[in-house]
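One structure is given here, and the rest of the page talks about it.
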Amino acid sequence: MVHGVTLFLIFGGALVMFLAILETRRLLVLTRENQYHRVWLILRNFMISFLAGYSCVGFLLFLQIENFLKILTGVIFFFGAVFVFVVVKTGVLTFQDFLRFTHERHALEKSKATAEAIAKVRSDFLTVMSHEMRTPLNGILGFVELLMRTALTVQQQDYINDIRQSGTTLLTLINKILQLVQLDQDNSVVLTPTTCDIAQLLEQVLAIARPTAQAKQLHLGYCVANNVPPKIWVDVQCLQAVLEQLIDNAIKFTNTGEVQITVTAPELETVQFTVKDSGPGIAPENLTEIFAPFAQRDANLNRQQAGSGLGLSLAQKQVTQLGGELWVQSTINGGATFGFSLTAKLPPTVAQNPQQDVLPVATSQPEKAHNIQILVAEDNPVNQKLIQQMLKTLGYTFEVVANGRLAFEAVQQHSYELVLMDVQMPEMDGLEATQQIRRVYPTPPPYIVALTAQSLERDRQACFEAGMDDYLSKPVKLQTLDIMLKRWLNLKH
Numbered sequence: 116m117v118h119g120v121t122l123f124l125i126f127g128g129a130l131v132m133f134l135a136i137l138e139t140r141r142l143l144v145l146t147r148e149n150q151y152h153r154v155w156l157i158l159r160n161f162m163i164s165f166l167a168g169y170s171c172v173g174f175l176l177f178l179q180i181e182n183f184l185k186i187l188t189g190v191i192f193f194f195g196a197v198f199v200f201v202v203v204k205t206g207v208l209t210f211q212d213f214l215r216f217t218h219e220r221h222a223l224e225k226s227k228a229t230a231e232a233i234a235k236v237r238s239d240f241l242t243v244m245s246h247e248m249r250t251p252l253n254g255i256l257g258f259v260e261l262l263m264r265t266a267l268t269v270q271q272q273d274y275i276n277d278i279r280q281s282g283t284t285l286l287t288l289i290n291k292i293l294q295l296v297q298l299d300q301d302n303s304v305v306l307t308p309t310t311c312d313i314a315q316l317l318e319q320v321l322a323i324a325r326p327t328a329q330a331k332q333l334h335l336g337y338c339v340a341n342n343v344p345p346k347i348w349v350d351v352q353c354l355q356a357v358l359e360q361l362i363d364n365a366i367k368f369t370n371t372g373e374v375q376i377t378v379t380a381p382e383l384e385t386v387q388f389t390v391k392d393s394g395p396g397i398a399p400e401n402l403t404e405i406f407a408p409f410a411q412r413d414a415n416l417n418r419q420q421a422g423s424g425l426g427l428s429l430a431q432k433q434v435t436q437l438g439g440e441l442w443v444q445s446t447i448n449g450g451a452t453f454g455f456s457l458t459a460k461l462p463p464t465v466a467q468n469p470q471q472d473v474l475p476v477a478t479s480q481p482e483k484a485h486n487i488q489i490l491v492a493e494d495n496p497v498n499q500k501l502i503q504q505m506l507k508t509l510g511y512t513f514e515v516v517a518n519g520r521l522a523f524e525a526v527q528q529h530s531y532e533l534v535l536m537d538v539q540m541p542e543m544d545g546l547e548a549t550q551q552i553r554r555v556y557p558t559p560p561p562y563i564v565a566l567t568a569q570s571l572e573r574d575r576q577a578c579f580e581a582g583m584d585d586y587l588s589k590p591v592k593l594q595t596l597d598i599m600l601k602r603w604l605n606l607k608h
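Rendered as structure tokens:
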């Protein structure tokens with residue numbers, strides 16, 4: 116009976132050991148690239164040895180060879196103790212690794228949460244700074260523009276021009292800093308592709324740069340190759356910003372000669388833009404450094420050209436965002452050529468976003484403009500005064516409210532054809548007010564146009580998502596406001 120029970124235990128142990136070997140094979144596959152692979156390989160060899168030992172013990176017990184049985188049993192017990200030690204040691208090491216992994220995971224999650232919190236603070240800072248800096252600039256540049264339409268002496272006209280130029284320079288610097296910080300913060304900024312008329316885009320870019328070029332008696336021009344498609348599908352605002360940065364940089368460092376934009380199609384479905392100037396050129400050792408933020412070609416205190424050194428850095432990031440790469444070729448006294456290539460996707464036959472891609476075309480001043488009712492929602496007293504004077508100059512009748520709640524109530528009580536809606540206002544902001552209006556009036560009228568100091572792309576997207584029809588960022592020019600009003604109000608006149 117004793118031998119029967121003993122044989123059962125021995126062969127039962129052998130079966131358990133056989134199953135353990137099978138499980139260890141699975142562990143070896145899982146730990147193939149792990150530091151514990153060799154440990155489990157040794158343990159499996161131990162198990163195979165035990166299985167062989169169990170088999171020998173059972174065989175010797177069956178033959179009743181007691182001396183060899185005692186020796187083999189002692190050997191098995193010894194290696195069994197070693198096996199248990201190795202298993203315990205492996206378990207301790209594994210548990211230590213698990214604790215370290217858990218600690219690192221918690222630290223990573225904490226770091227991620229901290230990074231997200233910092234990103235949110237930076238995002239909020241961008242929004243606040245955009246609003247707080249552009250709001251007073253709207254009053255400065257707006258009233259300067261209106262003042263220039265009055266009778267002024269030559270000296271006053273000269274002073275006003277200086278004020279406008281200084282304000283415009285400050286606005287440009289603010290825009291560059293905000294855009295650069297935004298791109299550094301979020302490299303996955305969503306692009307908004309629309310139909311881009313290349314010739315029209317170049318005309319607009321050169322029109323903006325022409326006053327500065329004329330002051331230096333520089334010739335501005337562009338050339339488009341015959342094989343370039345007239346229209347492409349691209350983020351027009353981003354592309355225009357890149358070209359404006361490159362043109363501005365070229366004019367800044369060119370005292371005589373010309374600045375030329377050339378558009379070619381070197382390959383199928385590829386469009387290449389180059390901006391060439393006849394300036395002093397760039398030293399070879401500076402060709403890579405000029406793309407660093409705040410870098411200057413001449414950084415000493417008596418440098419000849421002013422500037423923040425942000426333009427090329429911002430242009431490089433925006434070109435990368437568009438899917439291209441900005442490059443430069445230059446020699447001393449040989450001018451400089453900046454260029455980049457983009458994939459030339461043709462515009463779809465049907466616009467994807469009618470709010471942003473299909474806008475009514477501005478024609479002449481709407482008939483009976485004095486009968487057109489416009490509501491202005493603006494909380495800043497200076498900007499209220501400015502927009503009132505602009506609308507008076509353009510011949511419109513209007514009413515002004517100081518927050519979004521009053522705007523929503525006014526729309527319910529009166530018939531307005533267009534609402535100029537500030538975004539950041541007390542009690543109810545412009546986005547919420549627009550959503551409330553669109554619940555009552557799902558389709559225009561009234562048309563709702565954002566007139567806001569929040570100038571980032573995400574702010575623009577938020578306005579359209581809330582139900583607005585158009586977007587103007589402060590400071591707004593009288594001509595820009597005039598074109599926008601004609602564009603929408605001509606739909607009904």
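Be aware that the sequence shown starts at 116, since it is given in the working numbering, and climbs by one per residue.
Think of the CB as a built atom: it goes at the ideal place given N, C-alpha and C, for glycine as much as any other residue.
| Item | Value |
| --- | --- |
| Burial state of Cys-311, where buried means 16 or more other Cβ atoms lie within 10 Å | buried |
| Candidates Pro-496, Met-244 and Ala-314, of which the one nearest Lys-346 by Cα | Ala-314 |
| Beta-carbon proximity of Gly-449 to Gly-396, cut-off 9 angstroms | yes |
| Residue nearest to Glu-547 in terms of C-alpha spacing, selected from Met-583, Tyr-562 and Leu-130 | Met-583 |
| Alpha-carbon to alpha-carbon, Phe-406 and Ile-376 | 20 angstroms |
| Length of the line joining the Cα atoms of His-246 and Ser-445 | 39 angstroms |
| Cβ shell of Pro-590 (< 7 angstroms), same chain only, five flanking positions each side left out | Arg-249, Leu-252, Asn-253, Leu-256, Gly-257 and Leu-286 |
| Closest residue to Lys-432 among Thr-452, Leu-354, Glu-384 and Leu-506 (Cα-Cα distance) | Leu-354 |
| Beta-ladder partner(s) of Glu-514, from DSSP | Leu-490 |
| Proximity test, Asn-401 beta-carbon vs the ligand ATP heavy atom, cut-off 8 angstroms | The ligand ATP is not part of the structure shown, which contains no ligands of any sort. |
| Given 8 angstroms, three or more beta-carbon pairs between the region 549 to 562 and the region 499 to 518 | no |
| 8 angstroms contact criterion, which Thr-379 and Val-343 should meet: CB distance rounded | 7 angstroms |
| Start and end residues, beta strand (DSSP E) containing Met-599 | Here Met-599 belongs to no beta strand (DSSP E); instead the alpha helix (DSSP H) covers 593 to 604. |
| Given Ala-451 as reference, the closest of Leu-600, Ile-163 and Gly-372 once Cα atoms are compared | Gly-372 |
| N- and C-terminal bounds of the alpha helix (DSSP H) containing Leu-528 | A small fix is needed here, since residue 528 is Gln in this sequence, not Leu. Looking at the DSSP string, the run of the alpha helix (DSSP H) that includes Gln-528 is 519 to 528. |
| Cβ-Cβ distance between Asn-495 and Asp-537 below 9 angstroms | yes |
| Contact belief for Ala-430 with Val-374 at Cβ below 8 angstroms, rounded distance in angstroms | Actually they are not in contact, since the Cβ atoms of Ala-430 and Val-374 sit about 15 angstroms apart, beyond 8 angstroms. |
| Collapsed DSSP secondary structure at Val-243 in the structure displayed | helix |
| Bridge partner(s) assigned by DSSP for Ile-376 | Tyr-337 and Val-390 |
| Spatial distance of Thr-385 from Trp-348 (CA atoms) | 12 angstroms |
| C-beta atoms of Phe-523 and Ile-489 nearer than 9 angstroms | no |
| Helix, strand or coil at Ala-451 [DSSP, three-state] | strand |
| Nearest-angstrom Cα separation, counted from Lys-367 out to Asp-273 | 22 angstroms |
| Buried versus exposed, by CB contacts within 10 Å (16 or more), Leu-501 | buried |
| Where the alpha helix (DSSP H) containing Met-505 begins and where it ends | 496 to 509 |
| Nearest-angstrom Cα separation, counted from Ala-365 out to Ala-324 | 10 angstroms |
| Integer-rounded CB distance, given that Ile-362 should sit under 8 angstroms from Val-390 | 6 angstroms |
| C-alpha distance - Ser-164 paired with Arg-153, whole-angstrom precision | 17 angstroms |
| Beta carbon of Tyr-531 nearer than 9 angstroms to that of Ala-565 | no |
| Unbroken alpha helix (DSSP H) run spanning Ala-314, endpoints | 313 to 330 |
| Close Cβ partners of His-334 (< 6 angstroms) along its chain, the five nearest in sequence each way excluded | Glu-373 |
| Under 9 angstroms between C-beta atoms of Leu-293 and Leu-571 | yes |
| Secondary structure of Met-536, DSSP reduced to three states | strand |
| Host alpha helix (DSSP H) of Ile-107 (start-end) | Nothing can be reported for residue 107: it is not among the residues displayed for the chain, which extend from 116 to 608. |
| Tyr-556 to Ala-568 span [Cα, whole Å] | 26 angstroms |
| Residues bridged to Arg-347 [DSSP beta-bridge criterion] | Correcting the residue type first, residue 347 is Ile in the shown sequence and not Arg. BP columns for Ile-347 point to Cys-311. |
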